[in-house]
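See structure below.
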Amino acid sequence: MDPPMCKAVTEAFCRLHAEGLIYRSLRLVNWSCTLLSAISDIEVDKMELSGRTLLSFPGYDKPVVFGILSLFAYPLIYAPGDPPEGVELIVATTRLETMLGDTGVAVHPEDPRYQHLIGRKIQHPLIPDRVIPIIGDTFVDREFGTGAVKLTPAHDHTDWEAGLRYQLPAISVIDEAGNMTAAAGPQFAGMKRFHARVHVRVALEALGLFRGERDNPMVVPICSRSKDVIEPLLKPQWYMRCQEMADQAIKEVAEGRLRIIPKLHVRTWNSWLRDCHDWCISRQLWWGHRIPAYRVALKRASSSEFDELDPTQHDSWVVGRTEAEALKQACTKFQRSTDEIRLTQDTDVLDTWFSSQLFPFSVFGWPDQTPDLQAYYPGSLLETGHDILFFWVARMVMIGLRLTGQLPFHTVYLHAMVRDAHGKKMSKSLGNAIDPVDVIRGISLDDLQKQLEFGNLDPRELKRAREAQAKDFPKGIPECGTDALRFALCSYTKQGRNINLDILRVQGYRFFCNKLWNAVRYALYHCLGSEFKAPVIHSLEDSLREVRANSLISGTDRWILSRLAHAVQQCHEGFEQFQFPIATTACFNFWLYEFCDVYLEYTKPIVKPEGKPVQMERANLVRRILYMCLNCGLRLLHPFMPFITEELYQRLPRDKLENVAPSLCVTRYPHPNEVLTLRDENGVETDFRLVNSIVHRLRGLRAAYHVQAAGQCPSRGQLDTQLLAPVPVLNNLISGGYLADIVEPLGKSHVILATSERSQIDTKGCIHATVSASDLLASNAEDPNLAGPGNAASDNEDDDGEQETQTQLGPTFTTPVLTVTCQLFLNLAGQIDVVAERRRTEERLDRLSQSIQTLIADRARPEYASKVPMIKRLADGRKIHEMEAECDSLREMLSSLQDMEQQTPQTNHSDPKVNEQPAHPLIPILKEITGRTVLPHVITDLQATMEQLSSPELLGGSEIAHRAQVKQWLSWSVRLYTMQHRQSTYWKQDATRFRDLLGEWLHSASTSYLAHTKHVTLADLSAAITLTAMSDHNSWVRGRRHKHLTQWIHRISESLQDKPRVRNLLPTALGESSAP
């Protein structure tokens, strides 16, 4: 409402009026009887009803019945040939009160029931002096109601169009306040419209003309602001033609000049703009930009009096930036002098969106060509909610192109809408509206409910709101802080329509802030220390290159730098794609699970102040890496948590303040190019994935067998552990220093032996367990409740096909999962009560097995699929999967406990019974060729050792596409083969999909192998092993009746007959050479 804004609004109105885009017309408008104003079509909500429904509205004490069709009879005026009782025409309506404004009845001209009545007249039963014609028109739906339609041109849009065609009078029987007018007759004048509905029925019943009512599905138009029923009223209003501008806006998106993110909203954009009705821009409100239009009154020729022109006619008005300009236009238009014309400015104001659409350029001084306008317009990015895509965004684009010739911005990012934790729209009447300030500062339940008393809720709504608050926030809302709320909202903004805001999740991010604060302070005061001289990081790339070149750098150091590089890449990708959860997840995982849980713990024994020169040099190296992680990690996190990161950044040690950015606000954000060489250097992440799995397995074993921590029982500190693994795996674990640096301190164990020879393992008093590098990785196929493309758990209910649903798994379906396996032997002799642990394990296994059978039986019920909600079915599937996985773990534990009970000294060199795989059909072939015994786990570990294998041919050659297909087929095969719960539903489903995919892929590959190469690859070997390990593979191959399957297996066998070639292909797997 400031003068510059008023000037821009007036200028825009005058220009558009001069171009013929704004005009005045007498039309039916959407009228809110509560707001006493017209509203646009886009502000009308559509409430769908399936039948009779009671609805409450402002101004009415009792609910009003909707969703019914009322039938009544219109008596025809007597004509010769009519029966003595007369002729009547029965009509049906959903708005009985509007029959008082009927001026016609329409029937279909080809309807044999009523053809003979077209042209006849009806005597209105409640308005005796009104005669109504019966007309024939094809717009009538013969199947709806009785096939005869009452026409009320003043209160229905369709009837208004019909009234114009047949020159029917438009009689307004409902006024602006929703009361019946005098034209409705003295019996009903002054009544509220829905009260009149009841009284009209009573009057018709008294005349014997009411014919009953029946349920009727219908759509009720509701004002989005007042929640009142919209009443179509005949009003002169100002309109703006939009279709031409809308077509241009569609073209801008279609040709790529305007980008809408997420793309799923492009369909909504096109849908709205393709059929863009003229926009009613005038409002009957007391606050807003007054319309710069003036009504003309002309002086009579013979007197001093003035005659005002018809206000419903466009030509009765003139438009001007000032009254003087408008008067000048009136003089020219009507050829009168200024003394003969009197002007009166329109009292209506403009729709608020009219001025809002000018925002991108009006704030810079438009229509004046100011320096700000030239410098800052157009903009680049608009961020807003998808609910006002048409209200605001589309109108800004249309008016910007029209008035400035330029798009106001080139990218529109539409965020999701925040709802409560249950997915309900936030509403004060429901008591689920959350004030962000309350989340930041915290608030008690009492204070939360006191806020409701200052609203405008009626007693019933107040009670319901209090109950909802007490249920959702029994202890109030905890103090979460600005950073936690900001981080939570950014982590929620996936490409969907809704955000179900859970306060507990926000509180979790507050705990993350506490963790971050404590970790950085610990690193500063206990790891870096006061003597640490921070390096000046002019270039992150140069600093990291210098650190990486140090000969003392360990595998763990390389791993944390690789994870830092991964976080930088993920953050960059998240910002580039407007997928902020990618960036927040990367920051969260790096700080919490990688830096705090692993690397910070790893540094504690290394950075001690005393030690040998080599140790001190290594400690300094670790401190530098630690500082770089702190510096870069805070910069990554700063956009999401600006306050805590800035505070911690200011506490970082600085050697030369003049070379250091004074604030994170002006520090350059890390770029992927700076850390590109660090990403998964020398397969360090593959190695560390196994290391991490070993640590988690050791911790899990201690918990599962109830081994007390050292603090509770000093004699039970680190446990002796033996590690059995293939030679390449052992080499990586030892050369990277992982056993001493990570496994022993974090796993609370002492590795007394690491070997590849089974005969060297002493199993006396040990429990044994298999560890895989994929233990900590999730799989879409194994997690039925994982939300994602094609999954019912996703809230993206309108994705427009942008995210493809995977109906079958192809060679590009998954990220390769590197499956490295080894065995742990943990000495628990004297540490546990074996009998008690065995009994406890058996009891738990029995309970789980019963629960699984009960749930399986419940899912087998015929009505389960039709009556149980999808979310419950997904949860049940996930529950079965989790229980089956736990049963596998318990069986492994039980086997170990039984071995401990039965062990004797002669059993030291017995093979472990748990997790030993059956021999493959291809292993005897390898044994026959090489004369050596090849253990099953060596075959299934081909993926772990593939990068060390000498033959590029086996890896798919030099083609990137071939290598990628080898990796993906291999990961799929190895994961299937190593899954323990082979009787589960998920394994059977995966096996079926795998075999079908194999058949289709080989069929399309024709004579080539799986990777479309000329030679057998690891993909073929692993897939054949997995296929032939299935008990019914022979019958399945015969059932397929495809020669390419048997030919493929035969060709693999032929390749394996060439003994020298096999040795060249598989030197590591066959033990012919040592891995580097």
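For the sequence shown, full-length UniProt numbering gives the first residue as 1, with consecutive numbering after it.
The C-beta atom is built at its ideal place from N, Cα and C for all residues, glycine as well.
Spatial neighbours of P109 in its own chain (CB-CB distance under 8 Å, excluding positions within 5 residues in sequence) are listed in chain order as Q115, I118, G136, D137, T138.
Around the Cβ of W287, a 10 Å sphere holds fewer than 16 other Cβ atoms; the residue is exposed. Relative to the Cα of E541, the nearest Cα in the group D435, A583, L678, G405 belongs to L678. Membership of M5 in the alpha helix (DSSP H) is indicated by the continuous run 3-18. For the options E308, Q850, L894, the alpha carbon positioned closest to that of V835 is the one of L894. DSSP places A704 in the helix class (H, G or I) of the three-state scheme.
If you compare the alpha carbons of L264, P378, S355 with that of R257, the shortest gap goes to P378. When DSSP states are grouped into helix, strand and coil, D348 belongs to the coil group. A residue is called buried once 16 or more other Cβ atoms fall within 10 Å of its Cβ, and G59, having fewer, is exposed. Counting C-beta atoms within 10 angstroms of its own C-beta, M1 has fewer than 16 neighbours from the protein chains shown and is therefore classed as exposed. According to the DSSP assignment, P232 belongs to the beta strand (DSSP E) that extends over 231-240.
As for any alpha helix (DSSP H) of minimum length 4 sitting wholly inside the segment 492-541, the runs are 503-522, ordered along the chain. A1019 sits close to L1010, with the two beta carbons spaced by under 8 Å.
Boundaries cannot be given for Y114, as no beta strand (DSSP E) includes it and DSSP labels it neither H nor E. By the Cβ-count criterion, D483 is buried, with 16 or more other Cβ atoms from all chains shown falling within 10 Å of its own Cβ. Between D876 and L855 the beta-carbon gap is near 6 Å, inside 8 Å, which marks them as a contact. Less than 8 Å separates the beta-carbon of L664 from that of E646.
L561 and L358 have their C-alpha atoms roughly 49 Å apart. Counting the other Cβ atoms within 10 Å of the Cβ of H526 gives fewer than 16, which makes it exposed. In the displayed model, T721 falls within a strand according to three-state DSSP. Restricting attention to H386, F364, T53, G101, the CA atom closest to the CA of Y376 is found in F364.
Shown here for R963: same chain residues with a beta carbon closer than 7 Å to its own, the five before and five after excluded, namely L955, G956 in chain order.
Under the three-state reduction of DSSP, K867 is assigned to helix. Secondary structure remark: continuous alpha helix (DSSP H) runs of at least 4 residues inside the segment 358-394, in chain order: 359-362, 371-376. When L151, G178, K872, R259 are compared, the shortest CA-CA separation from R165 is found for L151. The beta carbon of R259 sits closer than 6 Å to those of T411, all from its chain and outside the five residues before and after it, given in chain order. The beta carbons of C632 and P670 sit about 5 Å from each other, so the pair counts as a contact at 8 Å. One Cα belongs to A754, the other to H706, and the distance between them is close to 25 Å.
The segment 589-607 makes contact with the segment 551-567; the number of CB pairs closer than 8 Å reaches 3 or more.
Spatial neighbours of L273 in its own chain (CB-CB distance under 7 Å, excluding positions within 5 residues in sequence) are listed in chain order as A246, A249, I250, A394. DSSP lists Q123 as the beta-bridge partner residues of V131.
One alpha carbon belongs to E305, the other to Q187, and they sit about 39 Å apart. The way I'd put it, the segment 279-297 does touch the segment 339-357; three or more beta-carbon pairs between them come closer than 8 Å. With 16 or more other Cβ atoms from the protein chains shown falling within 10 Å of its own Cβ, R618 counts as buried.
A Cβ-Cβ distance of about 14 Å is found for the pair T556 and G683, leaving them out of contact under the 8 Å criterion. With respect to the 8 Å criterion, I39 and N30 are classified as neighbours on the basis of their beta carbons.
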